[in-house]
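First to last, the protein sequences are chains P and H. To convert, take the position in the first sequence, counting from 1, and add 79; that gives this note's numbering. So that you can map any letter, position 126 of the second sequence is 113 in this note's numbering, and since no number is skipped, the others follow by simple counting. Encoded as structure tokens, the structure appears first; notes follow it.
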Amino acid sequence: MPTEKELQISPLVPDSILHNSRTLVNLQSLTASLFGVVAGILGLESYSGFLFYLAFSLLTTALFYFVRVAPASSFASSTPAQKAGLFDTSRYFHSPIAFWTGGLGNGLAGYILTWTLFYGLVRA
Amino acid sequence: MTWVSKSITVVGGVLLAHACYSAQEHSSLQSFKAAASTLTSSPPTAASLPIDIAIETIVALLVIIFGLVLGTRPMRPIQWHVWAGKVEREGEEGFLDSEGEVNRDYVGNPFRSLETRPGFIDIRKQRKEFAAWVKSGSGQAS
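And the structure:
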């Protein structure tokens, strides 16, 4: 985590932080409902359903990283010193842990809702 | 860009709806068979989902995810110097949303208040320019 002095030297833009995190949260809550639909169709139960959710939300975040975050981070700066390493989200997100695991909590309620709904619909 | 992501999402949605319908039909067929088997006293079969429906569901999910991720809005740099550099370099071009219009909360040049500060205005130069403009205007009029 950056200290207060580092934040004074290189300040952050609150609007951009809000915009980026809102984009990510929108994507995650939308896809979480879709995971529920698929888990209900497949008829997953108990632990396998939650493992399914874990795997696919991490997959979605990784795909988002490779489509939106990685190209700009790696190719925007021409000097090799500023070039970001793999899985570095510091250009667009404050903390990498919140980026990678924030989606798990965001969509869980919607996931369980559509999971139970479609399980009941398909296996009537 | 936006119609690509939308069409991919729609294709995935159609696949998912088809898989859902197939699974529903399969389960109703299984329950019908089970009801029939009690009449003929043949052993009931296991009612697991066929592999092709499972594969179609997973593929549909992956296609929808890909379409939705392609449709997200572009990120903005959070560090002030990176962000301000992007504003200076690209202007409004760098802040288009997925519909190709300038975003609502685009604020423009963050240093505008500094650059138009009254203390930085060269008032003598502006007076000279104004005098030249007046002279040229009166020259044209006469």
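Positions of the beta carbon are idealized from the N, C-alpha and C atoms, including for glycine.
Residue range of the unbroken alpha helix (DSSP H) whose run includes residue i
i: Thr195 (chain P); result: Leu187 to Val201
i: Asn105 (chain P); result: Pro93 to Leu121
i: Asp39 (chain H); result: Ile38 to Leu57
i: Tyr59 (chain P); result: Lying outside 80 to 203, the shown extent of chain P, residue 59 (chain P) is not represented and no answer is given.
i: Gln66 (chain H); result: Looking at the DSSP string, Gln66 (chain H) is not in any alpha helix (DSSP H), and its letter there is neither H nor E.
i: Arg99 (chain H); result: Arg99 to Glu102
i: Ile108 (chain H); result: Neither: Ile108 (chain H) is in no alpha helix (DSSP H) and is coded neither H nor E.
Exposure label - residue i; buried when at least 16 CB within 10 Å
i: Thr103 (chain H); result: exposed
i: His68 (chain H); result: exposed
i: Ser95 (chain P); result: buried
i: Ile51 (chain H); result: buried
i: Ser136 (chain P); result: buried
i: Phe98 (chain H); result: exposed
i: Leu113 (chain P); result: buried
i: Phe197 (chain P); result: buried
i: Thr193 (chain P); result: buried
Cut-off 6 angstroms between Cβ atoms - residues of its own chain near residue i, not counting five sequence neighbours on either side
i: Ala111 (chain P); result: Gly186, Gly189 and Tyr190
i: Phe107 (chain H); result: none
i: Val263 (chain P); result: This structure does not reach residue 263 (chain P), given that chain P is present from 80 up to 203, and the question cannot be answered.
i: Leu133 (chain P); result: none
CB contact below 8 angstroms: residue i versus chain H
i: Tyr171 (chain P); result: yes
i: Val104 (chain P); result: no
i: Ser89 (chain P); result: yes
i: Ile96 (chain P); result: yes
i: Leu123 (chain P); result: no
8 angstroms Cβ shell around residue i - same chain, five flanking residues per side excluded
i: Gly58 (chain H); result: Thr(-11), Ser(-8), Lys(-7), Thr(-4) and Ser85
i: Leu48 (chain H); result: Gly(-1) and Leu3
i: Leu200 (chain P); result: Gly119
i: Glu43 (chain H); result: Leu2, His5, Ala6 and Ser9
i: Gln107 (chain P); result: Ser136, Thr139, Thr140, Gly181, Gly182, Asn185 and Gly186
i: Leu91 (chain P); result: His173
i: Gly128 (chain P); result: Ala118 and Trp194
Other residues of its chain near residue i: CB distance less than 7 angstroms, five sequence neighbours each side excluded
i: Ala10 (chain H); result: Leu36 and Ile40
i: Arg202 (chain P); result: Gly122
i: His173 (chain P); result: Ile96
i: Pro159 (chain P); result: Low local confidence applies: a pLDDT of 46 at Pro159 (chain P) is under 50, so the model's placement there is unreliable, and no value is given.
i: Val131 (chain H); result: Because chain H in this structure spans residues -12 to 129, residue 131 (chain H) falls outside the shown range and cannot be described.
Cutoff 8 angstroms: residue i Cβ touching any chain P Cβ
i: Ala41 (chain H); result: yes
i: Ile51 (chain H); result: yes
i: Leu101 (chain H); result: no
i: Thr44 (chain H); result: yes
i: Val56 (chain H); result: yes
i: Leu48 (chain H); result: yes
i: Leu36 (chain H); result: yes
| Any residues in the segment 60 to 77 of chain H with a beta carbon nearer than 8 angstroms to a beta carbon of chain P? Which ones, in chain order? | Arg60, Pro61, Met62, Arg63, Pro64, Ile65, Gln66, Trp67, His68, Val69 and Trp70
| said: Output needed in chain order: residues of the segment -4 to 14 of chain H with a Cβ under 8 angstroms from some Cβ in chain P. | reply: Leu3, Ala6, Cys7, Ala10, Gln11 and Ser14
| request: Taking a Cβ distance cut-off of 8 angstroms, strictly less, list which residues of the segment 180 to 203 of chain P are near chain H, in chain order. | output: Phe197, Leu200, Val201, Arg202 and Ala203
| Name the residues in the segment 127 to 155 of chain P whose C-beta lies less than 8 angstroms from a C-beta of chain H; which are they? | Phe135, Leu138, Thr139, Leu142, Phe143, Val146, Arg147, Val148 and Ala151
| task | Identify each residue in the segment 107 to 123 of chain P for which the Cβ-Cβ distance to at least one residue of chain H is less than 9 angstroms, and report them in chain order. | result | Leu109, Thr110, Leu113, Phe114, Val116, Val117, Gly119, Ile120, Leu121 and Gly122
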